[in-house]
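Following: one structure in structure tokens, then a few remarks.
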Amino acid sequence: MQINQTVIDDTFAEAFPMKATRLVITAHTAAWARASAQSLTGFATSVIDCGCEAGIERDLAAAETPDGRPGISVLMFAVSSKELARQIARRVGQCVLTCPTTAVFSGIDPATSHAPLSDRAPLGSALRFFGDGWQIAKMLGDTRYWRVPVMDGEFVCEETTVTVKAVGGGNLLLLARDTDHALAAAEAAVAAMHRLPNVITPFPGGVVRSGSKIGSKYAGAIASTNDPFCPTLIGVAKRTELTAEVGCVLEIVIDGLTDADVGAAMTAGIEAASRAGSGVLRISAGNYGGKLGPYHFHLHKLAATLASRDGGAGAHNGPAGSPA
Amino acid sequence: MTTTTLRIKAAPGFRVDGSRLQPAALAAQSAADIAHLLLPAGNEVCAVGDLFDIARSQESDATPARLIIEGDAHWLDRIGANLAEGRIHLTGNAGDYAALCMSGGTLQIDGNAGAFAGAEMSGGQLTIAGDCGDFAAGALPGDMEGMTGGLLAVQGNAGARLADRMRRGCVLVAGNAGDFAAARMVAGTIGIAGQPGANYAYGMRRGTLLLLHEPPRIPPTFAAGGRGYDVFWALFVRTLAAQRDTLAAAFGSEVSFAPFLTLAASALPRRHAGDLAVDGRGELLIASARGQPAN
């Protein structure tokens, strides 16, 4: 299958169940909300060593937030409810509680969530102890808040945040002619994904160059470099997925609240990365044979929705498609 | 939906316990069975059929069972006591202990209510178009907690000891409150649009008492000042404004409660913290009903 000059591999991305939450951070100005969110989502690229994967979902206008101030929504993903709760407590405690004027709220409405609900993770119920006895709980409607006195006034936060069963590890591999084209296409794809709700791309700038495979020649390393996609190892590694004209491969990892969200983001990424002149030779995806993750995102199926939406323009199944 | 209508024949001349008049239970019985239902009246009992004319109507919609009591029932105590679901509409006055320990559903009283209205209620809505007596939303003598949830809205005046030992929930009074309003309050929200009586917020541990008029005096054990509660205030005024539909449905119009519903997030109230004689984490908020800063 080919879109413009880009071949879409007949493969699939394999994704995994994760636990996730959305936090809404508000502040006196949008800039401070963003400062807090950037801090909270920092060093949250991969669950391998960061504890969670987190990213900024989007900016929120004052009219969209619980307290009528400008805000920002953040998604956090972890491998278990326990680890998610720990990461929420640590990160909110160090990055939101500390940030001037911020307040933090649970961002998933159980009544409208498409993702299956998991449980409620502590938010204010752990942070309140910072108040040293001066903290006050306040029940407003059906929501319990904590008000913790801090030096700029009060830190207000919801007692708990709703968590859901979500999907992590959707991915696209962009095989480009050179670094310039790979970066430009990856940036375009990330920008397209960020226009959609319920997804984040947790790596720096949304893009990861150190795609990994499971296992290593070294004992104790659970993951190591994805050698079949390393351009310096063409002709050296036992197995390579690359052809001689590929100069640079970049990966985009997508976590989303539902598989539909991840699929939509991948579709948007494929569309953006396969525009005419993108210099992306192939789009592939990472999987582990389909035995580890229950969610399989087949690139041809995703691209087919593009083709049907565009009336078939651009996409066609040519002889160059399906390289494997 | 089944609607049961009880029309009062004549005041019986003694007090009757109406706690058995539960909408859902009555909906499951025939009019004849309801007529034979016995209500405690002191050391005696009396039959519903002797006190009321009974009418039934059936509608196809799926709303909860409804009980309408027509007439002046100032002799009928404990109406809506332990109510968990369904709706009761009393077109006249109610006796004492209306909505005692209610946990859900709605009780709408178009007249006045006696003492202990909404005492120890934990959920649901109690709306009183007239005045209510002493100890509304309070605790029974000897009990540690008053109201622990739900909404009590009084369009007229409230008696003494309003929300005594209240722990959670929301009480809104469009008129004045008697002496010792919010006394021994543990937590929760009370709004008084008129004036509170003497010794209000006496022994208040936590919770919020919102006054929409400058009170004659601030209790001496409350500390003036404090800044930086604007986020809480923004959430608070939104929560009050969210009661608009509920109040409009119960009172025909929300206009009596409009001062609570139209508070501006930008107009911070004046805040006093107390009662410092006890825990001291309660707050007295004095806001202007016109949406202007009070300080």
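Protein chains in written order, with our numbering: chain A, 1 to 324; chain B, 325 to 619.
Even for Gly, the Cβ is constructed at its ideal location relative to N, Cα and C.
Are the C-beta atoms of residue i and some chain A residue less than 8 angstroms apart?
i: R559/B; result: The displayed chain sequence assigns Leu, not Arg, to residue 559/B. Answer yes: the Cβ-Cβ gap between L559/B and chain A drops below 8 angstroms somewhere.
i: R530/B; result: yes
i: F556/B; result: yes
i: Y421/B; result: no
i: R551/B; result: yes
i: N619/B; result: With a pLDDT of 42 at N619/B, under the threshold of 50, the predicted position of this residue should be treated as unreliable, though the coordinate-derived value follows. With 8 angstroms as the cut-off, N619/B does not count as an interface residue toward chain A.
i: R492/B; result: yes
i: A589/B; result: yes
i: T563/B; result: yes
i: A566/B; result: yes
i: Q616/B; result: For Q616/B, the predicted structure reports a pLDDT of 44, less than 50, and the residue's modelled location is therefore unreliable. The matter cannot be settled from this model.
Tell me, to the nearest whole angstrom, how far the beta carbon of residue i is from that of residue j; I am working on the premise that it is less than 8 angstroms.
i: G51/A; j: T41/A; result: Between T41/A and G51/A the Cβ distance is about 12 angstroms, and since that is not below 8 angstroms, they are no contact.
i: D420/B; j: A439/B; result: 5 angstroms
i: A186/A; j: I108/A; result: In fact, because the Cβ distance is near 29 angstroms, the residues do not count as touching under 8 angstroms.
i: A597/B; j: F546/B; result: 7 angstroms
i: I72/A; j: A37/A; result: 4 angstroms
i: L585/B; j: R562/B; result: L585/B to R562/B, Cβ: 10 angstroms. No contact.
i: F504/B; j: N523/B; result: 5 angstroms
i: T45/A; j: P202/A; result: 5 angstroms
i: A303/A; j: I48/A; result: That pair is no contact at about 29 angstroms.
i: G211/A; j: N226/A; result: 4 angstroms
i: L361/B; j: T328/B; result: Wrong, their Cβ atoms sit about 11 angstroms apart, outside the cutoff.
i: G416/B; j: D401/B; result: At roughly 14 angstroms, the Cβ-Cβ gap does not stay under 8 angstroms, so G416/B and D401/B are not in contact.
i: G512/B; j: R541/B; result: In fact, because the Cβ distance is near 23 angstroms, the residues do not count as touching under 8 angstroms.
i: L97/A; j: F155/A; result: 6 angstroms
i: Q5/A; j: A272/A; result: No, Q5/A and A272/A are not in contact; Cβ-Cβ is about 14 angstroms, not under 8 angstroms.
Which one of the options has the shortest CA to CA distance from residue i?
i: G404/B; options: E368/B, C456/B, A355/B and D341/B; result: D341/B
i: S343/B; options: S580/B, G438/B and N406/B; result: N406/B
i: D180/A; options: A303/A, I48/A and V280/A; result: V280/A
i: A176/A; options: R282/A, A304/A and L292/A; result: R282/A
i: A507/B; options: S384/B, M528/B, A591/B and L431/B; result: M528/B
i: V79/A; options: P100/A, V164/A and A111/A; result: V164/A
i: A601/B; options: L350/B, A574/B, Y526/B and G549/B; result: Y526/B
i: G205/A; options: P116/A, A184/A and E241/A; result: A184/A
i: D458/B; options: T472/B, F560/B, L400/B and N436/B; result: N436/B
i: G131/A; options: D142/A, A137/A, T143/A and V148/A; result: V148/A
i: L250/A; options: A244/A, G235/A, P231/A and A30/A; result: P231/A
i: A30/A; options: P70/A, E53/A, K19/A and T6/A; result: P70/A
i: F18/A; options: D142/A, S81/A and K138/A; result: This sequence places Met at residue 18/A; Phe is not what is there. Looking at the Cα atoms, S81/A is the closest of the given residues.
i: T532/B; options: L564/B, P465/B, L391/B and R380/B; result: L564/B
Going by beta carbon distance, what residues of the same chain come within less than 6 angstroms of residue i, once the five residues before and after it are set aside?
i: F105/A; result: V24, P66 and E158
i: V495/B; result: A461, L476, A487 and I514
i: D259/A; result: V167 and Y295
i: L450/B; result: A423, L431, G442 and L476
i: T387/B; result: M325
i: N619/B; result: Since pLDDT at N619/B reaches only 42, below the 50 mark, its modelled position is unreliable, and the value read off the structure follows with that caveat. So the qualifying residues of the chain are R594.
i: G604/B; result: G598
i: L534/B; result: G515 and L609
i: P228/A; result: R239, T240 and E241
i: S427/B; result: A408, S446 and G447
i: T472/B; result: S446, R491 and R492
i: A498/B; result: Q479, A517, S580 and F581
Using 8 angstroms as the limit for Cβ to Cβ distance, is residue i near chain B?
i: D109/A; result: no
i: G269/A; result: no
i: G279/A; result: no
i: G93/A; result: no
i: A103/A; result: yes
i: D119/A; result: no
i: V156/A; result: yes
i: G153/A; result: yes
For residue i, which residues of its own chain have a beta-carbon under 7 angstroms away from its beta-carbon, when the five flanking residues on both sides are left out?
i: T160/A; result: S106, R120, A121, P122, L123 and S125
i: S308/A; result: none
i: A463/B; result: A443, E444, E469, G470, D488 and R489
i: E578/B; result: R568, L571, A572 and L585
i: R34/A; result: I72
Residues in its own chain within less than 8 angstroms of residue i by CB, not counting five upstream and five downstream?
i: T11/A; result: S284, A285, N287, H298, L299 and A324
i: G269/A; result: L172, A189, V190, A192, M193, I252 and I254
i: L196/A; result: D261, A264, A265 and A268
i: A359/B; result: A371, V372, G373 and I378
(message) Counting only Cβ-Cβ distances shorter than 9 angstroms, please list the residues of the segment 48-72 of chain A near chain B, keeping chain order.
(response) Residues of the segment 48-72 of chain A with a C-beta atom less than 9 angstroms from some C-beta of chain B are P66, D67, G68 and R69, listed in chain order.
(message) Under 8 angstroms, CB to CB, which of the residues in the segment 125-146 of chain A have a partner in chain B?
(response) Result list: W134, I136, A137, K138, M139, L140, G141 and Y145.
(request) Could you please tell me which residues of the segment 433-454 of chain B, in chain order, have their CB closer than 8 angstroms to any CB of chain A? (result) Answer set for the segment 433-454 of chain B: empty.
(message) Output needed in chain order: residues of the segment 592-614 of chain B with a Cβ under 7 angstroms from some Cβ in chain A.
(response) Answer set for the segment 592-614 of chain B: R605.
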